[in-house]
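S.K.:
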């Protein structure tokens, strides 16, 4: 099994450096993992990413560098898969730091499931552990909030390359934040590709600790997620997708109740969020912020869907 690890990146040089260095210290059984390459597709970074990558060939012998104009992560992943030499693709993001046995764990789980099934209609989904610890991201313990039941989330998956090509790679209609990986997952599921959890293949997802100055961008992401959710549903108009994107009357009522009809928002909750952060618990503050962040997403998915219906009527 030869792995091609595909990593899109955009202006994330400090954590990308940790990501790539962790991939250079992999330990594996060469009878199972015959080799690997690390494909970084730079999506138009302006923070010196390309210059650092080009000057790091001796430190990163598995690295292959590609560039594109700023087109988004989906286009970057597609480009990476097209250039890949491996029979098996691993997707991680450039803010993921893995452990030394990462590749071996994916390989062992893939092979065991393939032998059980008698074919390769399977992909592995590794653990993703969120952390704000930049100095030592892999020291973060697994938390209940790290649990995810998403199908094909590209923070940590491994799959035979030919299946990605057969279903058509990532859909570039998803040009804003959200849902492009899960939409690809629906197409894979329709082909009978099974997901198998691989918690031993651990990826530590670093992001800055929650702070008040991040709220405007988080709101923007939730609005984008709502818009892209409608595109997801238009491509796959099923109840499962409708529930996933929270485009049901239940979700609308739920988040309206939880936000007290919008009374709990980024302005009214600011004192509580600041108080929680000042007492050293930004993770709890972020969960409080989810009250109004999810409300933004739910409102936008309903608004965008109604707008799409009016466009059809015209």
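Residue numbers (our numbering): 11 to 324. Cβ coordinates follow ideal geometry from the N, Cα and C atoms, glycine included.
For residue 213, name the three-state secondary structure that DSSP assigns.
M.R.: Residue 213: strand per DSSP, three-state reduction.
S.K.: Using 10 angstroms around the beta-carbon of residue 269, count the other beta-carbons present and answer buried if the total reaches 16, otherwise exposed.
M.R.: Classification for residue 269: buried.
S.K.: Just how far apart, CA to CA, sit residue 160 and residue 203?
M.R.: Each residue's Cα considered, the two are about 14 Å apart.
S.K.: Taking just the CA atoms, how far does residue 174 sit from residue 55?
M.R.: Whole-angstrom Cα-Cα distance: 26 Å.
S.K.: What does DSSP give as the partner residue(s) for residue 13 in the beta ladder?
M.R.: Paired residues: 46 and 98.
S.K.: What did DSSP end up calling residue 133 once you bin it into helix, strand or coil?
M.R.: Residue state, collapsed to three classes: strand.
S.K.: CA-CA distance, residue 8 and residue 143?
M.R.: In the structure as shown, the chain begins at 11 and stops at 324. Residue 8 is therefore absent and cannot be evaluated.
S.K.: Would you kindly check if the distance between the Cβ of residue 121 and the Cβ of residue 15 is under 9 Å?
M.R.: No, they are not a contact pair.
S.K.: Which first and last residues belong to the alpha helix (DSSP H) in which residue 294 is found?
M.R.: Start and end: 292-323.
S.K.: Between which residues of its own chain and residue 197 is the CB-CB distance below 6 Å, once the five residues before and five after are set aside?
M.R.: Once the five neighbours on either side are set aside, the close Cβ partners of residue 197 are 177.
S.K.: Does DSSP put residue 88 in a helix, in a strand, or in coil?
M.R.: Three-state DSSP puts residue 88 in a helix.
S.K.: Can you tell me the Cα-Cα spacing of residue 95 and residue 107, whole angstroms?
M.R.: Distance between the alpha carbons of residue 95 and residue 107: 23 Å.
S.K.: Using only the alpha-carbon positions, how far apart do residue 105 and residue 22 sit?
M.R.: Spanning the two alpha carbons is a distance of roughly 7 Å.
S.K.: Within this structure, are the beta carbons of residue 34 and residue 61 separated by less than 9 Å?
M.R.: No; because the gap between Cβ atoms is not below 9 Å, this pair is not in contact.
S.K.: For residue 4 versus residue 134, is the C-beta spacing smaller than 9 Å?
M.R.: The displayed coordinates of the chain run from 11 to 324. Any statement about residue 4 would go beyond what the structure contains.
S.K.: Helix, strand or coil for residue 35, going by three-state DSSP, please let me know.
M.R.: Three-state result, residue 35: coil.
S.K.: Helix, strand or coil for residue 60? Go by DSSP, reduced to three states.
M.R.: If DSSP states are grouped into helix, strand and coil, residue 60 belongs with the helices.
S.K.: Relative to the C-alpha of residue 151, which residue among 208, 215 and 125 is closest?
M.R.: It is 215 whose Cα lies nearest to the Cα of residue 151.
S.K.: Assign residue 83 to one of two classes, buried (16 or more other C-beta atoms within 10 Å of its C-beta) or exposed (fewer than that).
M.R.: So residue 83 counts as buried.
S.K.: Using a threshold of 9 Å, state whether the C-beta atoms of residue 116 and residue 13 are closer than that.
M.R.: Contact flag set, yes.
S.K.: Does the beta-carbon distance from residue 314 to residue 237 come in below 9 Å?
M.R.: Contact flag set, yes.
S.K.: Identify the residues that DSSP records as bridge partners of residue 281: which are they?
M.R.: Looking at the DSSP assignment, residue 281 forms no beta bridge with any residue, so it has no partner.
S.K.: Do residue 234 and residue 194 have their C-beta atoms closer together than 9 Å?
M.R.: No. Outside cutoff.
S.K.: Cβ of residue 321 within 9 Å of Cβ of residue 212?
M.R.: It is not a contact, given that the beta carbons lie outside the stated cut-off.
S.K.: Just the Cα atoms here: how many angstroms apart are residue 301 and residue 65?
M.R.: Looking at the two C-alpha atoms, the distance is approximately 45 Å.
S.K.: Between the alpha carbons of residue 113 and residue 76, how many angstroms are there, rounded?
M.R.: Distance between the alpha carbons of residue 113 and residue 76: 22 Å.
S.K.: Please name the residue, chosen from 323, 109, 255 and 271, that lies closest to residue 192 on a Cα-to-Cα basis.
M.R.: The residue with the shortest Cα to Cα distance from residue 192 is 255.
S.K.: Ordered along the chain, which non-local residues of its own chain (more than five positions away) have a Cβ less than 8 Å from that of residue 231?
M.R.: 187 and 188.
S.K.: Can you grab the Cα-Cα spacing for the pair residue 131 / residue 111, in whole Å?
M.R.: So the alpha carbons of these two residues sit roughly 23 Å apart.
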